[in-house]
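Peer 1:
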Amino acid sequence: MSAGGNKYVTVASGKDGGAVQCCFYGWIIVFTCILCKIFKVQGENKVMTYTVPHLMEEFRFSHAHLGGFFSAATIMAGMAQPMLGRAVDYFGGRICISLLQLAIGASLAVFAHWYAENRPLLRMEAVSVFFLLRILCLGAGETFPNALVQQWFHKKRGRAVGVIFTTQWLGQALFGTLIAGIVDRYGWREAAMLGAAVNLALAPVSLLLLRRSPEVCGLMPDGSSQGPENSAMTVVEEAPETKDKPDKLKEEAIPTDLRKFLAHFGLTFFYAMMFGGSDFYMVEIIEEASPMPEVSGVSVPWHIFTPLAVVTSIALPAVGELMDAQSSRSKWLPSGLLALASILGSIATLMLSSIRSWFAAVCYGVLRGISTGILQSLLLAGLCFSAQGVSREEIGRILGSNLLCNLVGTGSAPFLFGTCRDLFGSFGVSLCVPSVPMLFLAVYFTHQAMWFKTDRSGVQGLVV
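Residue numbering for the sequence shown is 314 to 777, as defined by the working numbering.
1) Under 9 Å, do VAL476 and PRO630 count as touching if we go by C-beta distance?
2) If the criterion is Cβ atoms closer than 9 Å, does the pair PHE367 and GLY731 meet it?
3) Taking SER714 as the reference, give the member of VAL343, MET392, VAL354 with the closest Cα.
4) Just to confirm, are PRO747 and ALA726 a CB contact at a threshold of 9 Å?
5) Can you find a CB in chain B that lies within less than 9 Å of the CB of LEU515?
6) On the criterion of 16 or more Cβ atoms from any shown chain inside 10 Å, does MET636 qualify as buried, or is it exposed?
7) Note down, one range per segment and in chain order, each alpha helix (DSSP H) of at least 4 residues found wholly within the segment 685 to 745.
8) Let me know if ARG301 comes out buried or exposed under the rule of 16 or more other beta-carbons within 10 Å of its beta-carbon.
9) For ILE656, I'd like the list of residues in its chain whose CB is within less than 6 Å of its CB, leaving aside the five on either flank, ordered along the chain.
10) Within its chain, find whatever has a CB closer than 7 Å to the CB of TYR757; leave out the 5 residues flanking it on each side and keep chain order.
11) How would you call ILE567, buried or exposed, if buried means at least 16 neighbouring beta carbons within 10 angstroms?
12) So, is MET437 buried or exposed, given that buried needs 16 or more other C-beta atoms within 10 angstroms?
13) So which of PHE574, LEU513, THR456, LEU487 has the shortest CA-CA distance to MET396?
14) Quick one: grab the DSSP three-state call for LEU348.
15) Where does ASP592 land, buried or exposed, given buried means 16+ other C-beta within 10 angstroms?
16) Quick one: measure Cβ to Cβ for ILE351 and GLN463, integer angstroms, because I've assumed they're closer than 8 Å.
17) Would the beta-carbon of SER690 fall within 9 Å of that of GLY633?
18) So, are the CB atoms of ALA386 and ARG447 less than 9 Å apart?
19) May I ask which residues mark the beginning and end of the alpha helix (DSSP H) holding PHE582?
20) At the level of alpha carbons, what is the spacing between SER411 and VAL401?
21) What residues in its chain sit with their C-beta under 6 Å from that of PHE582, if we drop five residues either side in the sequence?
22) What are the start and end residues of the alpha helix (DSSP H) that includes TYR778?
23) Do the segment 404 to 421 and the segment 523 to 539 make contact, defined as three or more Cβ pairs closer than 8 Å?
24) Return the CA-CA distance between GLY494 and GLY738, expressed in angstroms with no decimal places.
25) Let's see if you can read the secondary structure: which residues bound the alpha helix (DSSP H) around THR569?
26) Under 8 Å by Cβ, that's how I've got GLY741 and SER666 pegged, so tell me the actual separation to the nearest angstrom.
27) Residues in the same chain with beta-carbon distance under 8 Å from ILE711, minus the five sequence neighbours each way, listed in chain order, please.
28) Please report the straight-line C-alpha distance between ARG642 and ALA628, rounded to a whole angstrom.
29) Please list, in chain order, all residues of the same chain as PHE383 whose beta carbon is under 6 Å from its beta carbon, the five residues on each side excluded.
30) THR625: buried (16+ other C-beta within 10 angstroms of its C-beta) or exposed?
31) Should MET595 and SER659 be called a contact, given that it needs their Cβ atoms to be closer than 9 Å?
32) With a threshold of 6 Å on Cβ separation, who are the neighbours of TYR363 within its own chain once the five nearest residues in sequence on each side are excluded?
33) For PHE374, does the count of other Cβ atoms within 10 angstroms reach 16, so buried, or fall short, so exposed?
34) Alpha carbon to alpha carbon, how far is ALA419 from TRP340? Give it in angstroms, no decimals.
35) Take the Cβ of THR767 as the centre, count every other Cβ of all protein chains shown within 10 Å, and call the residue buried at 16 or more, exposed below.
36) Quick one: give me the first and last residue of the alpha helix (DSSP H) that THR465 is part of.
Here's what the structure looks like:
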């Protein structure tokens, strides 16, 4: 790197006459995005579940009250996701992710110092604190890294998504277990302060390592050089973060009609409601299903979330490699995988209220892990949308709209589950509410896959 801001990229000649980078910088981007995704986990349900009992005890919240505050905050956060998706398209992942980590660190520090004596003020603070955590950790913390990875990879997009989500799940499982231990031993405030310190430390690292797109480094997606010249060294001046795309091309681009993906957005909504509610109250759901934990021996971190993380970490790269190899030739594949994930997710959720042994808990984690691996690869990471022709220039907008559905589903789930628990004395009814629509969507995507498989006209769009 020269004093004038020029960036040197070493390339080698390829067989096709083009230049291929020996060590593609996109994998540094993936590594940095993995760090971002692992350490924003404290705002997600699977780690918040360890804090929920302490919040209910310390602030004297009922299930319905806490779930209502959490739901209102999450839905409000979801409304901002399309705007955040457009922001990452415009400003780029480097700026957005660095600011995101600063904001997460500040929000967790505020969360750790949350005290209130006045009940009305306590309610306002609850919604405000949860809003900050949800919009940052579950919202922007997914949209920004996912959109940035899509900028750097095309033919190997599935592999990159598999690596980032697999490592994210394994890292979150380890870090989440660490957080659970800190909450039990020292308290939830100390755990929040640890997360704040880590995210604040990562912000300058992201600013140093991340780049908006391969074009600002003189490269193309997947690592090939822009030009066919056989050069040993290419010198390019890094473009400003907001000026690497010609305005003329932006004006000529036709935005993708969001109605094309209504079924996908609906599946994201019910998937988020299903697992968002169960994760938020997982400890209490297992205690309700198995009233004698010393006999059943079910451990939520080890028998549910650990198998879930391991299986998901296997399913994610498998789905990514399958999409890279087959999605261009087999147009039915994304719809078929979505149908399979819907069925497995519904079965796993319906069996949750009857888990009375560690073996049943592990089976739940396995089924849900397969479903989660498919849905996260295709919907949250955007592989399904890319397969349907969404361009790199607007992938942030599509991911933001999809994440709106994800956060609204996740946000409504705690209130739904908590209210059903208070009214009926059981979580069983709430587990059925998202499972039935998921089964209907499984039928729809099965029909869609059959239509693609039998169609010979070459039509690539979806009919919703």
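Don't be surprised by glycine CBs; every beta carbon is placed ideally from N, CA and C.
Peer 2: Inspection of the coordinates gives the following:
1) Going by C-beta atoms, VAL476 is nearer than 9 Å to PRO630.
2) Per the sequence shown, the amino acid found at residue 367 is His instead of Phe. The answer is no: Cβ separation not under 9 Å.
3) In terms of Cα proximity to SER714, the closest of VAL343, MET392, VAL354 is MET392.
4) In this structure, PRO747 lies near ALA726, with their beta-carbon atoms less than 9 Å apart.
5) Annotation note: the requested chain B is absent from the structure, which comprises a single protein chain.
6) MET636 is buried by the Cβ-count criterion.
7) Listed in chain order, the complete alpha helix (DSSP H) runs (minimum 4 residues) inside the segment 685 to 745 are 696 to 700, 708 to 737.
8) Missing from the structure shown is residue 301; the chain here goes from 314 to 777 and no further.
9) Closer than 6 Å at Cβ, skipping near neighbours: ALA755.
10) Closer than 7 Å at the Cβ level, and outside the excluded window around TYR757, lie ALA576.
11) ILE567 is exposed by the Cβ-count criterion.
12) Per the 10 Å Cβ criterion, exposed.
13) Looking at PHE574, LEU513, THR456, LEU487, the one whose alpha-carbon comes closest to that of MET396 is THR456.
14) It is helical.
15) Buried: at least 16 other Cβ atoms inside 10 Å.
16) Rounded, the Cβ-Cβ distance is 19 Å, inconsistent with contact.
17) Yes, Cβ-Cβ distance for SER690 and GLY633 is below 9 Å.
18) Taking a C-beta distance under 9 Å as the contact criterion, ALA386 and ARG447 qualify as a contact pair.
19) For PHE582, the uninterrupted alpha helix (DSSP H) segment begins and ends at 575 to 593.
20) Rounded to whole angstroms, SER411 to VAL401 spans 12 Å at the Cα level.
21) Taken in chain order, the residues that qualify are CYS718, GLY722.
22) Only positions 314 to 777 of the chain appear in this structure, which leaves residue 778 out of reach.
23) With the rule of 3 Cβ pairs closer than 8 Å, the segment 404 to 421 counts as touching the segment 523 to 539.
24) Rounded to the nearest angstrom, the two C-alpha atoms are 29 Å apart.
25) For THR569, no alpha helix (DSSP H) run applies, since DSSP gives it neither H nor E.
26) Indeed, because the Cβ distance is near 5 Å, the residues count as touching under 8 Å.
27) Same-chain partners within the cutoff: GLY398, THR569, LEU571, PHE574, GLY695, PHE698, VAL703.
28) Distance between the alpha carbons of ARG642 and ALA628: 21 Å.
29) Once the five neighbours on either side are set aside, the close Cβ partners of PHE383 are PHE443, PRO727.
30) By the 10 Å Cβ count, THR625 comes out buried.
31) In this structure, SER659 does not lie closer than 9 Å to MET595 by Cβ.
32) Excluding positions up to five away in sequence, the list reads ALA493, VAL496.
33) By the 16-neighbour rule on beta-carbons within 10 angstroms, PHE374 is buried.
34) If you take the alpha carbons of TRP340 and ALA419, they lie about 28 Å apart.
35) Around the beta carbon of THR767, fewer than 16 other beta carbons lie within 10 angstroms, which makes this residue exposed.
36) Sequence check: residue 465 is Trp here, not Thr. Looking at the DSSP string, the run of the alpha helix (DSSP H) that includes TRP465 is 454 to 465.
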